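For the record, in the sequence shown the residue sitting at position 412 is 411 according to numbering that gives the first Met the number 0, with numbers rising by one throughout. Here's the structure we're looking at; comments come further down.
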Amino acid sequence: MDHTSISIRSQAPEPGRSISLSEIIAALSFAIELTDGAVIGHALRSCLIGMRIAQEAGFTSDEMSSLYYALLLKDIGNEERIGLRCDRGRSIIHKLSMGPLAADAVSFLEEHWDGTGYPRRACSEEIPRLARVAAIAQHLDMFSIGRDPILALETLKQWSGSWFDPELVKVALSLHLRDRLWTHCRSTDHHETTRAAVLDLDPHQCRRLDDNRIDRICEAFAEVVDAKSHFTFRHSMGVAEFSRGIAQALELPPDRIRLVWRAALLHDLGKLGISNRILNKTTPLTEAEWKTVHLHPGLTRRILEQIGPFQEIAIVAGEHHEKLDGSGYPNRLTASDLSLESRIIAVADVYGALSEDRPYREGLHHQEIVPMLKELAGRQLDGDCIEALIRHINQTTSLNLSAAENPLGSIGKFQSAIF
Ligand SMILES: [Fe+2]
Ligand SMILES: [Fe+2]
């Protein structure tokens, strides 16, 4: 198949529609909330509450800016063990270049004013002020969900001086009494209203991100997705590298290569919404579990669509499990629907998945995978993209194994398990 015959979407970016940090971070904080046990909208509501307390307490603009991103990303550590969650949160926020104040706010989030918190048992002034505000903000939201906010304030008062900084508790109570604490951040408020209020508070509304910064944010989120299960360790990064290699081998223009890179990094973002009980299962999935797995590309698309200039990335990333013959998911698209960019990521994803260990099998070698991919060429996967991937791998490694015999027979027994 000649790839030049395949239409490449060339949707021009909206004029003047560059990307703001808050827009991308707010969408990705929504992705974090898809994980087990998280509450949708919690980060956005906590952000509004915390920023109001900080403003009233006279925080500097640097502190306000760091607090804003710390609150949106406070649960990015995505791990049950508190110490590990705080450390991972700090390291990801560092990678996102959010600055040391934001990293410390996340790292000290679970410490208590009286020294009974985790993981350091830090107390009073040893806990950064931003972390103390963030702790109050997350408490107020969690304890007001489905209840009268008065009850959340009551528990805040009860734990003032034990869990919470008493001065900051007074600030929160004073804001409440003046009716300035809960606007657009009650759990009953519409998600979009809350999100718009958070974007309005963006401390850097005028600052637009350059391409390298956007790439770094996408890379950091690829790591968040990959860290969800040890079986997918480096999966998103690996798929992004293979996808970029294919795009380069096909001589796509630089802006399309960048689009492919970002869409591949973020293609499995929707997996944050699938329980690890399913992702790490060592026995065959039930029909109901497969249905859940099949939701993840659609979730990826929904998350990325929240970022104005990412509309095309959202489409491409959301199509990574579609197949040329209509046997893919979630929309059973066919060859005429699928752009070259989507086909590239589909090939890279299958290659990446087959090369990685899974709960039910070990990763396969290049010489085992190539014949399996060739078997699918033109039927499910794009033949030009497969050849481009083989060329890319042969160029970047000492392997030259594209003609190897397949020692494992048909891909059939594996393909249903690639997600
Ligand atoms: Fe994937
Ligand atoms: Fe996937």
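Note that the Cβ used here is the ideal one computed from N, Cα and C, for glycine as well. Since the model is a prediction, treat every value here as computed from it, not as a measurement.
Review point. If you draw a straight line from the C-alpha of I368 to the C-alpha of G351, how long is it?
Key: Your numbering for residue 368 matches position 369 in the sequence shown. Your numbering for residue 351 matches position 352 in the sequence shown. C-alpha separation (whole angstroms): 10 Å.
Practice item. Taking only runs that begin and end inside the region 132-190, name each unbroken beta strand (DSSP E) of 3 or more residues, in chain order. Key: The region 132-190 contains no whole beta strand (DSSP E) run of 3 or more residues.
**Study point:** Three-state secondary structure (DSSP) of N393
**Key:** Working through the sequence shown from its first residue, we reach residue 393 at position 394. In the structure shown, N393 sits in a helix (DSSP, three-state: H, G or I).
**Study point:** Alpha carbon of S17 to alpha carbon of F309, nearest angstrom
**Key:** Translated into positions along the sequence shown, residue 17 becomes position 18. Translated into positions along the sequence shown, residue 309 becomes position 310. The alpha-carbon atoms of S17 and F309 are separated by roughly 10 Å.
Review point. In chain order, which alpha helix (DSSP H) runs of at least 4 residues are fully inside the region 40-71?
Key: Here the runs fully enclosed are 41-55, 60-71.
Check your understanding: Where does R120 fall in DSSP's three states?
Key -> Here residue 120 corresponds to residue number 121 of the sequence shown, with the count starting at 1. Correct three-state label for R120: coil.
Point to revise | DSSP three-state assignment for A334, whether helix, strand or coil | key: Your numbering for residue 334 matches position 335 in the sequence shown. In the structure shown, A334 sits in a helix (DSSP, three-state: H, G or I).
**Study point:** Member of A345, I389, V238, R212 whose CA lies at the smallest distance from the CA of V224
**Key:** As a working note, residue 224 is residue 225 in the sequence shown. Per the Cα distances, V238.
Practice item. Under 5 Å from any heavy atom of ligand 1, by CB: list those residues in chain order, please. Key: Summarising the contact set, residues whose Cβ lies nearer than 5 Å to any heavy atom of ligand 1 are, in chain order, D267, D348.
Review point. Where does the unbroken alpha helix (DSSP H) through W289 begin, and where does it stop?
Key: Here residue 289 corresponds to residue number 290 of the sequence shown, with the count starting at 1. Counted as a single uninterrupted DSSP element, the alpha helix (DSSP H) harbouring W289 occupies residues 286-292.
Check your understanding: Once you ignore the five residues that flank A221 on each side, which residues in its own chain have a CB closer than 8 Å to its CB?
Key -> Here residue 221 refers to the residue found at position 222 of the sequence shown. Excluding residues within five positions, the ones whose Cβ falls inside 8 Å are S235, M236, A239, L264, L265.
Practice item. Give the DSSP-derived three-state secondary structure of A316 in the structure shown. Key: Taking the first residue of the sequence shown as 1, we reach residue 316 at position 317. Secondary structure at A316: helix, using DSSP grouped into helix, strand and coil.
**Study point:** Pairwise C-alpha distance: Y328 and T182
**Key:** On the sequence shown, residue 182 is found 183 positions in, with the first residue counted as 1. On the sequence shown, residue 328 is found 329 positions in, with the first residue counted as 1. The alpha-carbon atoms of T182 and Y328 are separated by roughly 41 Å.
Practice item. On the DSSP bridge assignment, give the partners of R207 in chain order. Key: The residue labelled residue 207 in the question sits at position 208 within the sequence shown. Its beta-bridge partners are S19.
Check your understanding: Is L380 helix, strand or coil when you go by DSSP?
Key -> In the sequence shown, the residue the question calls residue 380 occupies position 381. Correct three-state label for L380: strand.
Exercise for review: Pull up the DSSP beta-bridge partners for R357, would you.
Suggested key: Counting from one through the sequence shown, the residue named residue 357 turns up at place 358. Under DSSP, the beta-bridge partners assigned to R357 are R360.
Practice item. Quick one: grab the DSSP three-state call for F241. Key: Walking along the sequence shown from the start, residue 241 turns up at place 242. DSSP places F241 in helix when its eight states are reduced to three.
Review point. Of all the options H190, D254, D61, K280, which has the alpha carbon lying nearest to the alpha carbon of N211?
Key: As a working note, residue 211 is residue 212 in the sequence shown. Nearest Cα to N211 within the set H190, D254, D61, K280: D254.
Practice item. Flag this pair as yes or no: are the beta carbons of E32 and A25 separated by less than 9 Å? Key: As a working mapping, residue 32 is identified with position 33 in the sequence shown. As a working mapping, residue 25 is identified with position 26 in the sequence shown. In terms of Cβ geometry, E32 and A25 do not form a close pair [threshold 9 Å].
Point to revise | Check whether L129 and S173 have beta carbons under 9 Å apart | key: Position 130 of the sequence shown, counted from the first residue, corresponds to residue 129. Position 174 of the sequence shown, counted from the first residue, corresponds to residue 173. The beta carbons of L129 and S173 sit no closer together than 9 Å.
Point to revise | Sequence-distant residues of the same chain with beta carbon closer than 6 Å to G114, five excluded per side | key: Counted from its first residue, the sequence shown places residue 114 at position 115. The beta carbon of G114 lies closer than 6 Å to those of R120, C122 in the same chain, with the five residues before and after it left out.
Exercise for review: Could you tell me if the beta carbon of H320 falls within a distance shorter than 8 Å of some heavy atom in ligand 2?
Suggested key: On the sequence shown, position 321 is the one that residue 320 refers to. With a threshold of 8 Å, the Cβ atom of H320 counts as near ligand 2, since some heavy atom of the ligand is closer than that.
Review point. Among V259, R357, D140, which has the Cα closest to the Cα of S242?
Key: Sequence index remark: in the sequence shown, residue 242 carries index 243 (1-based). Considering only V259, R357, D140, the residue with the shortest C-alpha distance to S242 is V259.
Point to revise | Rounded straight-line distance, which links the Cα of A248 to that of I428 | key: No information on residue 428 is available, as it lies outside the stretch 0 to 418 that the chain covers here.
**Study point:** 8 Å Cβ shell around R215 - same chain, five flanking residues per side excluded
**Key:** One-based indexing of the sequence shown puts residue 215 at position 216. Cβ neighbours of R215 beyond the five flanking positions: K94, L95, S96.
Practice item. Can you tell me which of the three DSSP states E374 falls into? Key: As a position in the sequence shown, residue 374 is number 375, starting the count at 1. E374: helix per DSSP, three-state reduction.
Review point. If we ignore side chains and look at the alpha-carbon of each, how far apart do A151 and E286 end up?
Key: On the sequence shown, residue 151 is found 152 positions in, with the first residue counted as 1. On the sequence shown, residue 286 is found 287 positions in, with the first residue counted as 1. Taking the straight line joining both Cα atoms gives about 41 Å.
Practice item. Give me the Cα-Cα distance between L303 and E311, rounded to the nearest whole angstrom. Key: In the sequence shown, counting from the first residue as 1, residue 303 sits at position 304. In the sequence shown, counting from the first residue as 1, residue 311 sits at position 312. Approximately 9 Å, taken between the alpha carbons.
Point to revise | Straight-line gap, P296 to I314 (C-alpha atoms, nearest Å) | key: Taking the first residue of the sequence shown as position 1, residue 296 is located at position 297. Taking the first residue of the sequence shown as position 1, residue 314 is located at position 315. Each residue's alpha carbon lies about 10 Å from the other.
Review point. K270: beta carbon under 8 Å from a heavy atom of ligand 2?
Key: Locating residue 270 in the sequence shown gives position 271, counting from the first residue. K270 Cβ: within cutoff of ligand 2.
**Study point:** Rounded straight-line distance, which links the Cα of I23 to that of E374
**Key:** Residue mapping note: residue 374 aligns to position 375 of the sequence shown, counting from 1. Residue mapping note: residue 23 aligns to position 24 of the sequence shown, counting from 1. One Cα belongs to E374, the other to I23, and the distance between them is close to 39 Å.
Check your understanding: Should the region 44-60 be called in touch with the region 135-145, which here means at least 3 C-beta pairs below 8 Å?
Key -> Yes: at least three Cβ pairs fall under 8 Å.
Review point. With 16 as the cutoff for other CB atoms within 10 Å, does K290 come out buried or exposed?
Key: Sequence index remark: in the sequence shown, residue 290 carries index 291 (1-based). Counting Cβ neighbours within 10 Å, K290 comes out exposed, since fewer than 16 surround it.
Review point. First and last residue of the alpha helix (DSSP H) that includes E422?
Key: Given that the chain is displayed from residue 0 to residue 418, the structure contains no residue 422 and the question cannot be resolved.
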